[in-house]
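Asks: One structure, pasted below without further comment.
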Amino acid sequence: MSKFPFIFLFIPFLVLAKNQEKDFRLQQQSQLNQQRQEQQFIQQDKFFTTLTINNQEFKVSDNIEEIMTALFLAINHKQTNDIQHLLIRYKQFPQAERGMILFAEANIAFNQGNTKKSIQLYEQLVQQEPDFTRGKLDLAKLYFLNWQNNQSKILFNQIALPQQPNVMARVNQYLSQLDYRESWQGSFSFGTIYNSNLNQSGNEISKEIVENPYLGTLEFTRTRPTIQKSTGFSYEAVLNKYTEILNNQGIIFKGLAYGEFYPKKSEFTEHNISLGLGYRFKDQENQLDLYPLIEKTRAYHHWYSERKGFNISYSTILNPNLYFSLQTEYKWEKYQDRNLSYQDGKILSFFSTLVYSLPNDWILFGGLDYAKKFSTESKIDQYARKGLRIGINKSFESGIDITAQGIFRKIDYQDYNALLGKTRKDNEQKYLFTFAIPKFKFYDIVPSINFIHTNHRSNVEMLYRYKQNEVVLKFEKNF
Numbered sequence: 030m031s032k033f034p035f036i037f038l039f040i041p042f043l044v045l046a047k048n049q050e051k052d053f054r055l056q057q058q059s060q061l062n063q064q065r066q067e068q069q070f071i072q073q074d075k076f077f078t079t080l081t082i083n084n085q086e087f088k089v090s091d092n093i094e095e096i097m098t099a100l101f102l103a104i105n106h107k108q109t110n111d112i113q114h115l116l117i118r119y120k121q122f123p124q125a126e127r128g129m130i131l132f133a134e135a136n137i138a139f140n141q142g143n144t145k146k147s148i149q150l151y152e153q154l155v156q157q158e159p160d161f162t163r164g165k166l167d168l169a170k171l172y173f174l175n176w177q178n179n180q181s182k183i184l185f186n187q188i189a190l191p192q193q194p195n196v197m198a199r200v201n202q203y204l205s206q207l208d209y210r211e212s213w214q215g216s217f218s219f220g221t222i223y224n225s226n227l228n229q230s231g232n233e234i235s236k237e238i239v240e241n242p243y244l245g246t247l248e249f250t251r252t253r254p255t256i257q258k259s260t261g262f263s264y265e266a267v268l269n270k271y272t273e274i275l276n277n278q279g280i281i282f283k284g285l286a287y288g289e290f291y292p293k294k295s296e297f298t299e300h301n302i303s304l305g306l307g308y309r310f311k312d313q314e315n316q317l318d319l320y321p322l323i324e325k326t327r328a329y330h331h332w333y334s335e336r337k338g339f340n341i342s343y344s345t346i347l348n349p350n351l352y353f354s355l356q357t358e359y360k361w362e363k364y365q366d367r368n369l370s371y372q373d374g375k376i377l378s379f380f381s382t383l384v385y386s387l388p389n390d391w392i393l394f395g396g397l398d399y400a401k402k403f404s405t406e407s408k409i410d411q412y413a414r415k416g417l418r419i420g421i422n423k424s425f426e427s428g429i430d431i432t433a434q435g436i437f438r439k440i441d442y443q444d445y446n447a448l449l450g451k452t453r454k455d456n457e458q459k460y461l462f463t464f465a466i467p468k469f470k471f472y473d474i475v476p477s478i479n480f481i482h483t484n485h486r487s488n489v490e491m492l493y494r495y496k497q498n499e500v501v502l503k504f505e506k507n508f
């Protein structure tokens, strides 16, 4: 390694760490945006919400007609206890219908949070009573909730109630939402950026005195490159598509592209692209993605590096306020410049995230991450990186959205580096603040101001310690 300039010692890791972080953030943000849009749509339907009727008591005579009427009323208003009590009374009549019993039991199961059991009971009901439109409508909604898109679409298309235009309008909204689920989705942003330290230099001069038995006292002066700062442009693009094949299973495409370009300092321009195509399982609470991926980075005026591998991502809604995700990646990394071939290796990484929704539109989020690089030419270029992320988001009624996040990472290299004279150990702190203004959106384009401060420390201060500030004014559109 001694034949390479010092710049080659730290550029590869800095580019990789930044890219891993942004890849994860963009896909996570895209998934959460989709969940938010889905939740807003679902909450508009009374079928999925609990409704009370002023805690009033109604006397029900002991005849089947009144009990059926009361049972329908209790089902419509999500009164689970009343449904259970009335169902017991209803079953006592010899003329009790199997269809009505299934209808009541299906609603009890759904109200108690057992969507799968509710679907099974509704399927029996629709099979037994094919002309019961209410049963078909409810089952179509449950299929929708459980991401059984094809089955939901089939049933919604069978609903024909011209005498109830409000119901048909809602049916058409569901069909539109089902089409949207399997359409191309994503986001695109473009803006201006200011970077206070493009070359991640400490702008320092250090002196070292060495006693040589033959030459006596020697003084060495080391100077880090002058800090390069500039303004430029940045962009981020996310493009995803899901196509259901059978029940809750389908094919996904995931694409990312992002970068920064500096007209006055083009040597620091960078572009990144990531593509994946694979399998997805998704139901009401769980999502599992398995797919191969390829990533490429263009930097320093040429295609800089390439990574190929596999991604496994799992996410689940633990309760209405708590979301968890875990992403695992295994990649082979190769540098196009063969002067950097000693950095070729394998990378195993994990990213975990918890998102907790608080009252009044407050959201807490955080997680742990881990990355390990191995199988390089020398162990001195292998490392283990451990990190902690924590943040908070608040949406204000005034049309302002604020996000603050802190990222703390520790990087330990695996062997003694004779060129550096020690085993390298780094610590990084990164603080991100986003001030978005949906109130001022135009054509669904939301402006935002983003601040990023990085403080990177190292036991090899002369080469790796630096501070950096980035300010981005961007305009983002989700679709």
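Under my numbering, the first residue of the sequence shown is numbered 30, with each subsequent residue one higher. Note that CB positions come from ideal geometry on N, CA and C, so glycine has one too.
If contact is defined by three or more beta carbon pairs under 8 Å, each pair taking one atom from either stretch, is the region 360-376 in contact with the region 404-424?
Replies: yes
Asks: With a cut-off of 8 Å, do at least 3 Cβ pairs link the region 449-456 to the region 468-478?
Replies: Short answer: they don't touch.
Asks: Just to confirm before moving on: does the CB-CB distance between L166 and I71 stay below 8 Å?
Replies: no
Asks: I need the straight-line Cα distance from Y287 to E265, nearest angstrom please.
Replies: 4 Å
Asks: Tell me, which residues are paired with G142 by DSSP?
Replies: DSSP, once it has assigned bridges, lists no residue as partnering G142.
Asks: Within 10 angstroms of the Cβ of H485, are there 16 or more other Cβ atoms? Answer buried if so, exposed if not.
Replies: Buried, since its Cβ has 16 or more Cβ neighbours within 10 Å.
Asks: Comparing alpha-carbon positions, which option in S386, V200 and E362 lies nearest A189?
Replies: Out of S386, V200 and E362, V200 has the C-alpha closest to the C-alpha of A189.
Asks: Given L377, which residues of its chain have a CB within under 6 Å of its CB, disregarding the five upstream and five downstream residues?
Replies: Y359 and K401
Asks: Name the residue from T252, I93 and E490 whose alpha carbon lies nearest to the alpha carbon of R118.
Replies: I93
Asks: Our contact map puts R418 next to D398 with C-beta atoms below 8 Å; I'd like the distance itself, whole angstroms only.
Replies: 7 Å
Asks: Count the other CB atoms, across all protein chains shown, that sit within 10 Å of the CB of F508; report buried if there are 16 or more and exposed otherwise.
Replies: By the neighbour-count rule (16 or more Cβ atoms within 10 Å), F508 is not buried but exposed.
Asks: Use the C-beta contact count for R210: other C-beta atoms within 10 angstroms, 16 or more gives buried, fewer gives exposed.
Replies: buried
Asks: Quick one: is E426 buried, meaning 16 or more other Cβ sit within 10 Å of its Cβ, or exposed?
Replies: exposed
Asks: How many Å lie between M30 and K451 at the Cα?
Replies: Residue placement at M30 cannot be trusted, given a pLDDT of 34 that sits under 50; what the coordinates show is reported in the next sentence. Approximately 15 Å between the Cα atoms of the pair.
Asks: Using only CA atoms, which one of N340, F394 and Y329 lies nearest to Q365?
Replies: Y329
Asks: Does the contact criterion of 3 or more C-beta pairs under 8 Å hold for the region 301-310 versus the region 273-287?
Replies: yes
Asks: What's the gap between the Cα of N195 and the Cα of L351?
Replies: Answer to the nearest angstrom: the Cα atoms are 34 Å apart.
Asks: Does the beta-carbon of A198 have 16 or more other beta-carbons within 10 angstroms, so that it is buried, or is it exposed?
Replies: Exposed, since its Cβ has fewer than 16 Cβ neighbours within 10 Å.
Asks: On a Cα-Cα basis, can you pick out the residue from P292, K337 and L285 that is closest to N269?
Replies: L285
Asks: I'd like the span of the alpha helix (DSSP H) that includes T98, first residue to last.
Replies: I93 to N105
Asks: Quick one: Cα of F37 to Cα of F394, how far?
Replies: Confidence at F37 is low in this model, with a pLDDT of 38, below 50, so its placement is unreliable and the value that follows should be read with caution. Spanning the two alpha carbons is a distance of roughly 36 Å.
Asks: In the DSSP assignment, the alpha helix (DSSP H) including Y209 goes from what residue to what residue?
Replies: P194 to R210 is the extent of the alpha helix (DSSP H) around Y209.
Asks: For Q192 and I302, what's the separation of their Cα atoms in angstroms?
Replies: 52 Å
Asks: How big is the Cα-Cα spacing for S181 and E67?
Replies: Taking the straight line from one Cα to the other gives about 15 Å.
Asks: Given F339, which residues of its chain have a CB within under 6 Å of its CB, disregarding the five upstream and five downstream residues?
Replies: P321 and Y359
Asks: Rounded to a whole number of angstroms, what is the C-alpha to C-alpha distance between N105 and F464?
Replies: One C-alpha to the other measures close to 43 Å.
Asks: How would you label R414, buried or exposed, when you count the other beta carbons within 10 angstroms and need 16 or more for buried?
Replies: R414 is buried by the Cβ-count criterion.
Asks: Tell me where the beta strand (DSSP E) around G164 begins and ends.
Replies: It is not in any beta strand (DSSP E) - G164 instead sits in the alpha helix (DSSP H) that spans T162 to L174.
Asks: Is it right to say T81 is buried, meaning 16 or more other beta carbons lie within 10 angstroms of its own, or is it exposed?
Replies: Here the model assigns T81 a pLDDT of 44, short of 50, so the residue's position is not dependable, and the following value carries that caveat. Per the 10 Å Cβ criterion, exposed.
Asks: Going along the chain, which unbroken runs of the beta strand (DSSP E) with 3 or more residues stay wholly within the region 336-395?
Replies: 351-364 and 374-387
Asks: Enumerate in chain order the residues of its own chain whose CB-to-CB distance from T326 is below 6 Å, with the five nearest sequence positions on each side excluded.
Replies: N301, Y333 and S334
Asks: Can you list, in chain order, the residues of its chain whose CB lies under 7 Å from that of S218, leaving out five sequence neighbours each side?
Replies: Cβ neighbours of S218 beyond the five flanking positions: Y264, E265, K503, F504 and E505.
Asks: In three-state DSSP terms, what is G128?
Replies: helix
Asks: Using 8 Å for Cβ pairs, my map puts L154 next to A138. What's the rounded Cβ distance?
Replies: Actually they are not in contact, since the Cβ atoms of L154 and A138 sit about 12 Å apart, beyond 8 Å.
Asks: Would you call the CB atoms of K294 and L227 closer than 8 Å?
Replies: yes
Asks: Report the three-state DSSP secondary structure of T326 (helix, strand or coil).
Replies: strand
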